[in-house]
Every structure is written in structure tokens, then in C-alpha cells.
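Engineer: Per our numbering, residue 75 is the first one in the sequence shown, and the count goes up by one each step.
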Amino acid sequence: MTRQTQTATSALPWWKTATGYQIYPRSFCDSNGDGIGDIAGIISKLDYLRDLGVGFIWLSPVYDSPMVDNGYDISNYRDIAPEFGTLADMDRLIVEARARGIGIVMDLVVNHCSSAHDWFQAALKDPKAPEHDYFIWREQGKTNGPPTDDMSYFGGSMWEWVPALGKYYLHQFAKEQPDLNWQNPALRQAIYNMMNWWFDRGIAGFRMDVIDLIGKDVDAGVFAEGPDLHPFLQEMHRETLAGRDVLTVGESWAVSPKTALLYCGQERGELDMVFQFSHVLAGFHPEHGKWGDVPFDPVAFKQTFFDWQEVLAEDGWNALFLSNHDLPRAVSKYGDDGALRLRSAKLLALAIHLMKGTPFIYQGEEIAMTNARFSTMDQFRDVETFGQYEAALAAGLTREEFIKGANRNGRDNARTPMQWEDRAQAGFTDGTPWIDVNPNYRQINAKTDRADPAGVFSFYQSLTELRRCLPVVAIGAFRAFAKSHPNVMAYTRMLDGEKLSVIANITGETVVFDVPQKMQQTGRCLLFTVAERQALGATVTLAPYEGFAILQR
Ligand code: TEU
Ligand code: CA
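(1) Could you please give the first and the last residue of the uninterrupted alpha helix (DSSP H) stretch that includes Q591?
(2) Comparing alpha-carbon positions, which option in D400, Q591, R598 and F602 lies nearest A612?
(3) How would you label P305, buried or exposed, when you count the other beta carbons within 10 angstroms and need 16 or more for buried?
(4) Should the stretch 197 to 214 be called in touch with the stretch 225 to 242, which here means at least 3 C-beta pairs below 8 Å?
(5) Output the residues surrounding ligand 2, defined as those with a CB atom closer than 5 Å to any ligand heavy atom, in chain order.
(6) Does the beta-carbon of H304, which I'm using as the reference point, lie nearer than 8 Å to any heavy atom of ligand 1?
(7) Look up Y208 in the DSSP assignment and say whether it is helix, strand or coil.
(8) Could you tell me how far apart the beta carbons of T83 and A548 are, in whole angstroms, since I believe they sit closer than 8 Å?
(9) Where A298 and L336 are concerned, what is the direct C-alpha to C-alpha distance, given to the nearest angstrom?
(10) Which of the three DSSP states is assigned to I154 in this structure?
(11) Any heavy atom of ligand 1 closer than 8 Å to the Cβ of R485?
(12) Shorter than 8 Å, the distance from the beta carbon of Y227 to the closest heavy atom of ligand 1, or not?
(13) Mind checking which residues open and close the alpha helix (DSSP H) that includes S118?
(14) For R100 and I176, which I take to be in contact (beta-carbon distance under 8 Å), what is that distance rounded to the nearest angstrom?
(15) Mark E388 as exposed unless 16 or more other C-beta atoms lie within 10 angstroms of its C-beta, in which case mark it buried.
(16) DSSP puts R598 in a beta bridge; with which residues?
(17) If distances are taken between C-alpha atoms only, which option among F434, A328, G159 and V292 comes closest to Y534?
(18) Have a look at Q80 and R516 and give me their C-alpha separation to the nearest angstrom.
(19) Considering only DSSP beta bridges, list what Y242 is partnered with.
(20) Taking all protein chains shown into account, decide if K420 is buried (16 or more other Cβ within 10 angstroms of its Cβ) or exposed.
(21) Could you check the C-alpha separation between Q608 and G597 for me, to the nearest Å?
(22) So the candidates are Y436, S418 and I117; which of them puts its Cα closest to the Cα of A395?
(23) Taking one C-beta from the stretch 153 to 160 and one from the stretch 221 to 228 each time, how about it: are there three or more such pairs within less than 8 Å?
(24) Express the C-alpha separation of P513 and M492 in angstroms, rounding to a whole number.
(25) Taking one C-beta from the stretch 126 to 146 and one from the stretch 88 to 95 each time, how about it: are there three or more such pairs within less than 8 Å?
(26) L567 by DSSP, collapsed to three states: which one?
(27) Using a threshold of 8 Å, is the CB atom of V329 nearer than that to any non-hydrogen atom of ligand 1?
(28) Enumerated in chain order, which unbroken segments of the alpha helix (DSSP H) with a length of 4 residues or greater are wholly contained in the stretch 450 to 491?
(29) To which residues of the same chain is L600 closer than 6 Å at the C-beta, ignoring the five residues directly before and after it?
(30) Apart from the five residues on each side of it in sequence, which residues of its chain come closer than 8 Å, Cβ to Cβ, to T76?
(31) Ignore the nearest five residues each way along the sequence and tell me which others in Q78's own chain have a CB closer than 8 Å to its CB.
(32) Jot down the residue ranges of each uninterrupted alpha helix (DSSP H) in the stretch 487 to 525, minimum 4 residues, whole runs only, in chain order.
(33) In terms of DSSP beta bridges, what is A578 paired with?
(34) DSSP on N270, reduced to helix/strand/coil?
(35) Can you say whether L610 is buried or exposed, counting buried as having 16 or more other CB atoms within 10 angstroms of its CB?
(36) Mapping the DSSP letters down to three states, classify Q80 as helix, strand or coil.
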């Protein structure tokens, strides 16, 4: 690394040269043998994350919670769930991570809280309590049923009847996750105070759960990207984020290239970036949504990413990811989790991580963990899966059919414990894990992968380093090529006379690719999945999942 490039990257906001790593705490590392991952376990693995080269951890919720939705149902925003540890453990995590150059980005879940939260308990007890209006209540509808026919994401009505009050409350997720009423200014202030309380403890930012839902207009039936979304985000920015050197990433299933800049345009005073799901939605069935099976469409896949690169070329910023705790594992969904597992995992990482934006690695992705397959319903744990199971049976699906779909697209299958070593329970716990370990841990585990110089971990190490050290990777202008080519994802990044060409065969077929003129070059091969190449001529024959990046200076 030259002194010159160091200067250039250090002038950028830290999160533009950092790679993020998502930890799903329940499944990462168990320090005390109760079968549940915990904060002490995370601390014990910080050297591993430093070696990987990540700049921050997005930590899925660790707050106090009855765990109906594994912590996305928070009963106390200012405390830690006992199974995960204590506030003192959390403070230690923040300090220990920081000592390794890693920031802690917490999960902010404020579209809803837990029905066990004091706020909801007070609201139930007394309709005159100030907290009653922190939630969304309606009288019964015309036919003496719920006020609307809207269905919750986890199955059943969005409305839950409270006999003692003679009213319904709104819950877009489980009934134990009542929606908060963002129209109430005192509620909003309580949330901002809580956010500031965490910032003062030294966290590096927030990932904001379903943030597109907070500005809803319930009576108009507008839930996502409602009329008050952006005013609320601007208010939140003024009250908490302004003047702080932190990262914010909002989760939005509704955002499209058309609305992206409303969230993350630099002059908007809202968020730094959004998690958008175009590539995920492109794989949903038109009728059966995520549970329907649609074959992988390489052209649609790359087009969604290209659209986003283009719309955020001059303003805003991308968050780049393929998988998370709600989605199937990347190598199983988009690659080949059989014979070409290592190669296809690297190829996907290459294609995604060299675009412009902040990449996120979901725990286990860096060793190409695969989706677990379950054979009986009692192996599942997820509230969504059980909620949808009832509905699926009612709609005439058999149990076997449902399990098949859940294995492909359910959330539990990517939530199995992190595979550390080839010993009992993959080295995740000395006890019985809360969800089965994937039996393939004998072959697929961090220790084995790291011992292999051609392993996936070392490939990700190179990617995090390139982003940190090479300005053309961090901020170079993006240009897509051969957009309709059915196999190859091809693009360049340009900065100050440097050109980085990325060619990635995102399919399992061998292809002869006509290299667009503007990509033909000779230079230094930064990374490859099959063979090193220094020269790109008029055509190139690519093996299945072959990809490489060449830098010309
Ligand atoms: O997910 C948002 C969300 O809408 C998901 O329920 C998504 O639709 C689903 O997983 C796709 O099948 C966030 C969290 O990431 C998720 O874990 C939570 O369950 C949910 O919000 C509620 O907090
Ligand atoms: Ca534990």
C-alpha cells in the first residue's frame, strides 16, 4: 500500500471503506454451555473477526426480550437479555471490539416492541395511561370482526382483540409484537432518548429494522413508505444522529430505485444507506411469494444490482449483501452448495463486494456455510414458519410440501449455529444447541477452511483489504457491461486513471464471453476463483463460476 492511497481512503467516512459482519447472537458462539450464543462468546471470537478484516459488526438484537421472534420483540430497550449477558458484557464488547478497530452497530427495532414491554402492559391496564396511545387501537369492523382484512407477516390477522378493552390493536408481525404509534410525539422522544443513551455508551451506529413501516397511515391502508416516514427520519436525525460519526442503515422491503434517494440522499438528513431487497424479490413467486419456487435468473439478478449502482452513482450509498438471518444462505440460493461450493461462494463474493457500497457478510458466509435441511416440523423454531404452516395446511398443502418449501426459503435454515470446528456441535456449544447444527460441519467449518490457502475465508480477507486500501474499490465510478448476457456479470470501476475490470460467470455453465472493448486490458490480477489472468483480450472462456478482477494503473 502506498502512502498516497492511504491518504485518499482516510479522507472518506469510515463506513465507505469498511466491510460489515452480521452476527445473529443466538447462533454465533455459546460461552457457557446453555446452547444459546451470547455476548461473552462474541468477545471470544473478536480476533477471528479482526483477522477477517471487518470494520464493524451489525449485531442482531441482544436487548431484553421474551424471544418470540428471537429478540425482534424487545421488552426493555435499555437492558440485555439474560441469556445473552449483561449490560456490563455489552460495554465490554464495545470496548474490546473498538480495540480491534471494529465498531458495534446495534439493531434498532422500533416499528414495534414486545407485548411484555412496560409500555404495552401500562396500555392494556388503563386506556387513560399516556402509554395507551403509544400503540394503535381500533374498534371492531362493520361485521363485528377486525377493522380491516390485513394479514400479518407471520400469519393471521394484523389485529388482535383485547376483550377487557373492547378494542383491537395493530401488529404487523406476531401478536406479541404490537406496532408502536409513531404519531405520538412522546413515544418518538422516548425512542430518540434511548438511541442517544446507546450512542453515549459508544456504539458505532444502528441497523434499523423495517424502518419503512414507521410512517404508516393505517386508515388509508398505507403501511410501507407511508406519508410520515421521511419527516420522522429527519426528526430522528436531528434528535440523535446529527453531529455523530456513526453509520445508519435502514431495512426497507418497499424501497425501489425510485424512492432510494429519499432515504439516503446526502442533503436529506436521514440515513447513510438502505438494505434493499430487489434481488431477493426478483426470486419470489408472483403468486406464492417467498414460499414459491422460482428458478435463479442470472439476468434479473445482476440487473437489480446494476439498477441500484446507477441510481446511487452520484448521491446516496449502497449496502451490498446477499444473505442475512431472514434469507437463505447465499451459496445455496444463488450458487452451487455441492461440488462447486467453494468456487461459487467466492464468485458471488467477488461479484458483490467489488461494486460500490458497503458490503455485509452474514455470519458463516465467509466459510461458505450452506442452508440446513430439516426433515421434521419439530426441528423448526421460527415464529414465521409456524404461523405460515397453519395457513399452508389450510390452503391444502401437505406437510411434506411445506417442509420442502421451508427448507428452501424459511429463516431457520440460515440460523443454524456457526460452524467453528470439526468437533461435537461444531464447537458452537458444549451443551445442546437451541437449534440443530448442520451435520455438514465435519467438512464445513472455520478451522478447516482457514487451514486451506484456497479457502473462502482468505478470499474474503482479500476483499475486505481491497476495500480498505484501494480507493478505486471504495469509491471508483461504476459502469455495467453486457447487461443482457445470460451468464456473465461484468463491470468496471474507474478512479483517477485506474481501471478495475470485474468479470464473473454467475452460472454453472462454461461460456465463451466476448469481452467488451472498454474492458479489454492488461494489468494486475487482484483476485480470481479459478485461474489468475493478467490480460483480457477480445474473448475469454470462463469455467463454471469463474471470475476475476484485473486492475490497470
Ligand atoms: O424483517 C422484516 C420482514 O419484513 C421480514 O419479516 C421478512 O418479510 C421476512 O423475513 C421474509 O420472510 C425484520 C427482521 O429482520 C426480522 O428478523 C424480524 O422478524 C422482523 O423484521 C420483525 O421485527
Ligand atoms: Ca450461552
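Don't be surprised by glycine CBs; every beta carbon is placed ideally from N, CA and C. Source: prediction; values computed, not measured.
Structural biologist: With the given structure in hand:
(1) It is not in any alpha helix (DSSP H) - Q591 carries neither H nor E in the DSSP assignment.
(2) Q591
(3) exposed
(4) yes
(5) D104, N106, D108, I110 and D112
(6) no
(7) helix
(8) 6 Å
(9) 14 Å
(10) strand
(11) yes
(12) yes
(13) I113 to S118
(14) Actually they do not touch by this definition, with Cβ atoms about 20 Å apart.
(15) exposed
(16) L625
(17) F434
(18) Only weak support is given to the placement of Q80: the predicted model assigns it a pLDDT of 46, under 50, and the value that follows is read from those uncertain coordinates. If you take the alpha carbons of Q80 and R516, they lie about 41 Å apart.
(19) R212 and W235
(20) buried
(21) 5 Å
(22) Note that residue 395 is Phe in the sequence shown, not Ala. Per the Cα distances, Y436.
(23) no
(24) 12 Å
(25) yes
(26) The sequence shown places Arg at residue 567, rather than the Leu named in the question. R567 falls in the strand class under three-state DSSP.
(27) no
(28) 457 to 468 and 473 to 483
(29) A623 and L625
(30) Residue placement at T76 cannot be trusted, given a pLDDT of 42 that sits under 50; what the coordinates show is reported in the next sentence. Contacts found: none.
(31) A caution first: Q78 carries a pLDDT of 46, below 50, which makes its placement in the model too unreliable to give a value.
(32) 520 to 524
(33) M563 and G621
(34) helix
(35) buried
(36) Any reading at Q80 must be qualified, since the residue scores a pLDDT of 46, below 50, and its modelled position is unreliable; the value itself is stated next. Q80: helix per DSSP, three-state reduction.
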